[in-house]
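Let me begin by presenting the structure, written as structure tokens, before commenting on it.
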Amino acid sequence: MARAIPPCRLSIRLGAAVRLKGLWKLQSPPQVFSPPPEEPAPTPDEKPSRLPQIKFIDPAPDAREERPKITVPVGELQVDEVQILGASDPDTYPIQRKYTSPETLRNWPHLRMRTNLNSTLLRLRSDTIGSLSKIFNQENFIQTHPPIITSADCEGAGEAFKVIGGTRESPFFDTPKFLTVSSQLHLEAMAQAAGNVWTLSPSFRAERSDTNRHLSEFYMLEAEMSFVDDMGEVMDLVQRMTRSLVQDLAQQSSWKELEHARRHPRGPAETRTLEDLDDIAVLERRWNGMLVPEKWPRITYSEAINILEEHIDKFERPPVWGQGLGSEHEKFLAELIGYDKERNAYVPVFVTHYPRDIKAFYMRESAAEHHIKGQIVVDCFDLIAPDIGELAGGSMREHLLHKIITNLRHFSLEASANDPRLKWYVDLRRWGCPPHGGFGIGFDRLLSYLTGVRSIRDLVAFPRLYGRTDC
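Numbered according to full-length UniProt numbering, the sequence shown spans residues 1 to 471.
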């Protein structure tokens, strides 16, 4: 159905699918947005008086250039004809032209993507994947597709979903199978054939965590580097990749659209919607921190514990050497160590060399000088950031046959050395395994940190979590 319309303000029914035909008239000249003048950084208890423009830090301080102005073509569509392609009853359409909280929108995951913010986030997610593909290609990494159904729980934490097919009398698989917790083990095998490899794949964990940082199904960015003996090279890659991603995203139309919407919301409803995100002044500090050219701070786990013990009254759970760092510990360390006052930036922080007993069996034992009170530590790291805690985790993998068997024995997994579920992984060390290392980044969590969306449940189109799986 199509009809011509007289000159007027067009009112389209909520939820309707329409095609508009007409003439797009550009505003002359286009709108140009410039960075505002510098202001002193706000104190932790002080809210900025206005929304500052995200600034970018140049690699060489003595060769800084003014950030290019953002030119946004603005115009008006003069509609001559409207075609109704899909009718909608505005009285029953769930999402109205008023503010709707993120929690309420989660009731309609199949419809919430139609809102301005969520459709922009969907495009930003796509642009991020495209940027990552380009970055890893420039780093000479090969993209791979590891399996989703696996034989083993990579982390050994027993939080895997079991895959059941067929009947009890005639099961589909002859041995237990699980939805993958991590692609790391299979990536290690592919890295021995192809060199440096990476993947962006779904992962599944049967965790009963009810937080804004956890989902049962989520995407992991994972990479493995062959012929690498220094963990510093792996951490350098994490920083280089993340910095390149932020630089590339800043040029994408989806990010510019989100940034423009935050500065120029269209009406009270959109204003309230955007207020659900982290303040743009906070995002400025995050993005600036990821863009610093110097190496990000690196501290050992033992140094982190010593720092936390000096502020023990700030935590609900006291830090204890030999136990994992809690989210409150990670956030505190990231804010304390990572804040660059001169740049008004929160720089991510690497925490390295954790005790062996709180990490996974595949991690390489550190040199003796890193051992504390006779306790073995391993070559691993977590990347932490303010407000969100852990962003990434990585390690050097144990590549020697006798040592990986020793590790399996230490973690009471010695039977796995001959169990088909892990024997293939041990066999990688049996026949020509070079030193190697890798890392994993929670893709949805990274997007949450960069966009200011406070819950990854609002970044994933159809979130799966404990007790709830809509659509």
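We treat Cβ as the ideally placed atom computed from N, Cα and C, and that holds for glycine.
Quantities reported herein were computed from a predicted structural model and do not represent experimental measurements.
query: Quick check: the stretch 393-409 against the stretch 230-241, are at least 3 beta-carbon pairs closer than 8 Å?; result: yes
query: Determine the extent of the beta strand (DSSP E) in which Ile280 is found, giving its start and end residues.; result: That residue, Ile280, is in no beta strand (DSSP E); its alpha helix (DSSP H) goes 280-290.
query: Taking the straight line between their C-alpha atoms, what separation do you get for Ser101 and Asp379?; result: 43 Å
query: Which of the three DSSP states is assigned to Lys134 in this structure?; result: helix
query: So, helix, strand or coil for Ser448, using DSSP?; result: helix
query: Return the chain-ordered ranges of every alpha helix (DSSP H) run that is complete within the stretch 309-350 and spans a minimum of 4 residues.; result: 327-338
query: So the candidates are Val163, Leu258, Arg266, Gly232; which of them puts its Cα closest to the Cα of Ser119?; result: Leu258
query: Thinking C-alpha only, which one of Ile135, Phe411, Leu121, Ala189 is nearest Pro147?; result: Ala189
query: Grab the span of the beta strand (DSSP E) containing Ile84 for me, first residue to last.; result: 75-86
query: Starting from the Cα of Ser203, find the closest Cα among Arg97, Ser183, Ala194 and give me that residue.; result: Ser183
query: Closest by CA to Ile280, which one among Asn107, Gly452, Asp470, Leu465?; result: Gly452
query: Would you mind listing the alpha helix (DSSP H) stretches within the stretch 225-250 that are 4+ residues and don't spill past its ends, in chain order?; result: 231-249
query: Does the contact criterion of 3 or more C-beta pairs under 8 Å hold for the stretch 104-116 versus the stretch 428-437?; result: no
query: Less than 8 Å between the CB atoms is what I'm expecting for Leu447 and Thr128, so what's the real figure, rounded?; result: 6 Å
query: Per DSSP, which residues does Phe218 bridge with? Please list them.; result: Ser203
query: Flag this pair as yes or no: are the beta carbons of Val347 and Tyr301 separated by less than 8 Å?; result: no
query: Leu413 lies in the beta strand (DSSP E); which residues open and close that run?; result: Careful: Leu413 lies outside any beta strand (DSSP E) and carries neither H nor E.
query: Is it true that the stretch 170-186 meets the stretch 405-413, where meeting means three or more beta-carbon pairs spaced less than 8 Å apart?; result: no
query: Can you grab the Cα-Cα spacing for the pair Asp458 / Arg106, in whole Å?; result: 8 Å
query: By DSSP, does Arg464 sit in helix, in strand, or in coil?; result: coil
query: Taking the alpha-carbon positions, what's the Glu328 to Val349 distance?; result: 15 Å
query: Going by C-alpha distance, which of Leu121, Phe361, Asp382, Gln247 is nearest Ser455?; result: Leu121
query: Let's test the definition: count the other Cβ atoms within 10 Å of the Cβ of Lys359 and tell me whether it reaches 16, buried, or not, exposed.; result: buried
query: May I have the straight-line CA-CA distance separating Cys471 from Ala461, to the nearest angstrom?; result: 10 Å
query: What first and last residue would you give for the beta strand (DSSP E) that runs through Trp255?; result: Run containing Trp255: none in the beta strand (DSSP E); it sits in the alpha helix (DSSP H), 253-263.
query: Count Cβ pairs between the stretch 214-228 and the stretch 360-376 that sit closer than 8 Å; are there 3 or more?; result: no
query: Quick one: Cα of Trp24 to Cα of Leu77, how far?; result: 4 Å
query: Beta-carbon within less than 8 Å of Pro94's beta-carbon, same chain only, minus the 5 sequence neighbours each way: which residues are those?; result: Asn107, Trp108, Leu111
query: Are the CB atoms of Ala152 and Arg364 within a distance shorter than 8 Å?; result: no
query: Give a yes or no on whether the C-beta atoms belonging to Gly22 and Asp80 are separated by under 8 Å.; result: yes
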